[in-house]
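Below is one structure, written out as structure tokens; comments come after it.
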Amino acid sequence: MPTRRGVAPFPATELACAGDTRLLPGGHSGNIRSEAALSVSSVEAPSFPVRRTCPYQPPDVYREISERGPINKVTLWDGRQVWLITGYEEGRRLLADERLSSDRSYDEYPTMAPHLGAPAARKLVLVGEDPPLHNHHRRLLNPEFSLKHARALRPDIERIVNGLIDGIEELGPPADLVEHFAAPIPSLVMSALLGIPYEDHAFFQAATAGIMQGKDPAGTEAAAAELVRYLDRLVTAQEAERGESLVGRLVEHVDTGELSHDEVVQLTMVLLIAGLETTSSMIPLGVLALLDHPEQLAALRSGEVPAVTAIEELLRITAVTDFAGVRWITADIEIDGHVLKAGDGLVISSTMVNRDERVHEDPYAFDISRGSRQHVTFGYGIHQCLGQNLARLQLEIAFETLVRRLPGLRLAVPAEELRMRRTGTMQSVERLPVAW
Ligand code: HEM
73 MPTRRGVAPF PATELACAGD TRLLPGGHSG NIRSEAALSV SSVEAPSFPV RRTCPYQPPD
133 VYREISERGP INKVTLWDGR QVWLITGYEE GRRLLADERL SSDRSYDEYP TMAPHLGAPA
193 ARKLVLVGED PPLHNHHRRL LNPEFSLKHA RALRPDIERI VNGLIDGIEE LGPPADLVEH
253 FAAPIPSLVM SALLGIPYED HAFFQAATAG IMQGKDPAGT EAAAAELVRY LDRLVTAQEA
313 ERGESLVGRL VEHVDTGELS HDEVVQLTMV LLIAGLETTS SMIPLGVLAL LDHPEQLAAL
373 RSGEVPAVTA IEELLRITAV TDFAGVRWIT ADIEIDGHVL KAGDGLVISS TMVNRDERVH
433 EDPYAFDISR GSRQHVTFGY GIHQCLGQNL ARLQLEIAFE TLVRRLPGLR LAVPAEELRM
493 RRTGTMQSVE RLPVAW
């Protein structure tokens with residue numbers, strides 16, 4: 073493992089956004105505002121990642137890095153230098169390259185934040201596997217996440233989202249959109265899909281957040297151990313009596329010898345982590361982008377731009393995971409005059425790949441009518457998001473219902489009071505108090 077040099081824990085500071093509409097403070101033309109006016113022009117491998125100050129735009133330093141070219145070097149929190157890819161074509165080419173490994177059990181795999189050095193975070197199944205094991209697990213799961221399966225869940229998701237808006241109306245105004253909308257949507261959906269009792273949502277939400285947003289490796293390890301114990305009991309119960317759920321169906325593969333009991337536990341844990349934190353983090357960022365652009369909010373509300381179109385731009389602009397992939401290189405790769413050496417670490421920045429001006433005109437402008445799926449917010453290649461059909465459906469229903477049922481939606485606190493959280497893995501705000 074690379075030597076740890078002291079932890080840079082992304083302190084919470086005030087949000088600062090620009091935007092043509094100036095709902096959020098800050099502001100200058102060009103739609104983004106610099107974080108602490110950092111300049112990288114003279115730094116060879118600038119620090120990375122840098123916490124966003126605008127919830128839906130990258131810090132200026134990212135822009136400066138990408139203006140140097142699509143392939144650069146950056147320095148991680150532990151002092152290690154890795155390649156940062158900011159070009160669309162280069163990012164996709166590399167994500168499809170078999171010389172890249174996702175296997176986190178090797179020291180060469182870059183640790184993006186201190187807590188992700190925890191052993192549990194370094195042995196995640198599926199997302200942390202290479203072929204042939206990855207193919208095996210993915211093949212068993214793919215049918216569960218088909219478009220047809222996702223579409224069948226539409227009535228359930230509509231009921232869930234409407235129920236949450238009913239609750240919000242009873243509660244306020246104001247209400248915290250993170251606690252009462254963004255977090256429970258994926259939590260309710262994933263618990264129904266996996267067959268996990270929703271009564272336990274406080275536990276599994278806290279456990280997944282504890283893994284992804286852990287303060288240190290020990291915290292992440294403890295949260296993962298608790299979640300494994302809980303899921304182990306759940307899988308054992310399903311082995312005794314099959315339920316009509318994804319876990320119940322996975323258990324059938326134990327009977328055929330295709331999976332072990334532990335693999336079912338680990339796969340369920342990965343699905344839960346991947347399915348909860350992503351969607352719940354993205355909804356508040358998308359809401360803030362819309363609130364900062366009232367004319368676009370109006371276009372979504374009126375149906376002038378259908379939600380199914382709008383969510384592609386929300387996905388592109390918010391790029392909630394920040395990275396379309398973190399990998400290490402198993403054999404030298406020559407690309408665009410650079411030699412990426414075996415053993416080097418590599419990060420593909422979805423935030424910047426999604427703003428490649430060779431692909432998107434005026435890439436920092438937020439325009440929900442763009443409707444382009446040319447983004448890598450769901451990654452690319454063999455690890456491309458397994459749950460993207462389900463995520464898109466939840467987002468479409470969530471945004472459409474929210475703006476229609478709460479037409480006066482607005483911030484209930486000064487924007488300066490919003491706090492961006494930054495974990496090295498997921499972008500979001502801690503709370504989003506709104507009125508309507
Ligand atoms: C806005 C929501 C979401 C975003 C932005 C997102 C993003 C991503 C990204 C970038 C990857 C690729 C990681 C890599 O290549 O290293 C990924 C993989 C994955 N996602 Fe999502 N995701 C979302 C929602 C979901 C949901 C709802 C699920 C449901 C279970 C899910 C399950 C997974 C799984 C299992 C993988 C690993 C796939 C593999 O390694 O083959 N995601 N996701």
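Residue numbers for the sequence shown, in my numbering: 73 to 508. All C-beta atoms, glycine included, are put in the ideal place defined by N, C-alpha and C. Treat the numbers as computed from the prediction; the structure is a model and nothing was measured.
Classification of residue i by the beta-carbon crowding that lies within 10 angstroms, buried from 16 upward
i    : result
V411 : exposed
G451 : buried
H333 : exposed
T308 : exposed
G385 : Per the sequence shown, residue 385 should be read as Glu rather than Gly. That one is buried.
Q499 : buried
A168 : exposed
Y178 : exposed
D327 : exposed
D150 : buried
N235 : A small fix is needed here, since residue 235 is Gly in this sequence, not Asn. With fewer than 16 Cβ atoms within 10 Å of its Cβ, G235 is classed as exposed.
D364 : buried
I104 : For I104, the predicted structure reports a pLDDT of 28, less than 50, and the residue's modelled location is therefore unreliable. The matter cannot be settled from this model.
Y302 : buried
A295 : buried
S259 : buried
S422 : buried
S353 : buried
Y270 : exposed
N207 : exposed
E376 : exposed
S263 : buried
R442 : buried
G189 : buried
D228 : exposed
A312 : exposed
E472 : buried
H305 : The residue asked about is misnamed: residue 305 is Arg in this sequence, not His. Label assigned to R305: exposed.
Distance between beta carbons of residue j and residue i, contact taken as under 8 Å
i    : j    : result
E468 : V380 : 5 Å
V154 : G417 : 4 Å
V199 : H455 : 6 Å
I405 : G415 : Not a contact, Cβ separation roughly 12 Å.
T351 : Q466 : 6 Å
L474 : I237 : 7 Å
G239 : H221 : Between H221 and G239 the Cβ distance is about 27 Å, and since that is not below 8 Å, they are no contact.
E298 : A279 : 6 Å
V431 : Y160 : 5 Å
P486 : P246 : No, P486 and P246 are not in contact; Cβ-Cβ is about 13 Å, not under 8 Å.
V319 : G267 : 5 Å
L360 : Y134 : 18 Å between Cβ atoms; not a contact.
T497 : M184 : 6 Å
N461 : L265 : Their Cβ separation, rounded to whole angstroms, is 12 Å, which puts N461 and L265 out of contact at 8 Å.
G459 : G358 : About 17 Å separates the two Cβ atoms, so there is no contact after all.
Coarse secondary structure for residue i, derived from DSSP in three states
i    : result
S119 : strand
D327 : helix
A309 : helix
A463 : helix
R491 : strand
R171 : coil
P74  : Residue confidence for P74 is low, a pLDDT of 31 falling below 50, so the modelled location carries little weight; the figure read from the coordinates is stated next. Coil at P74, not helix or strand.
K287 : coil
V300 : helix
A108 : Any answer about A108 is weak, because its pLDDT of 39 lies below 50 and its placement is not dependable; what the coordinates show is given next. Three-state DSSP puts A108 in coil, outside helix and strand.
L483 : strand
V448 : coil
A255 : coil
S500 : strand
R94  : In this predicted model, R94 has a pLDDT of only 42, less than 50, meaning its place in the structure is not dependable enough to derive any value.
D334 : helix
P356 : helix
P505 : strand
D202 : coil
G235 : helix
The ligand NAP heavy atom lying under 7 Å from the CB of residue i
i    : result
R491 : The ligand NAP is not part of the structure shown, which contains the ligand HEM as its ligands.
Inset, instruction - Let me know the beta strand (DSSP E) ranges lying completely inside the segment 363-442, each 3 residues or longer, listed in chain order. - result: 395-401, 405-407, 410-412, 417-421
Legend entry - Within the segment 173-199, ranges of the beta strand (DSSP E) (whole runs, at least 3 residues): none
Legend entry - Runs of alpha helix (DSSP H) lying entirely within the segment 126-163, each at least 4 residues, in chain order: 132-139
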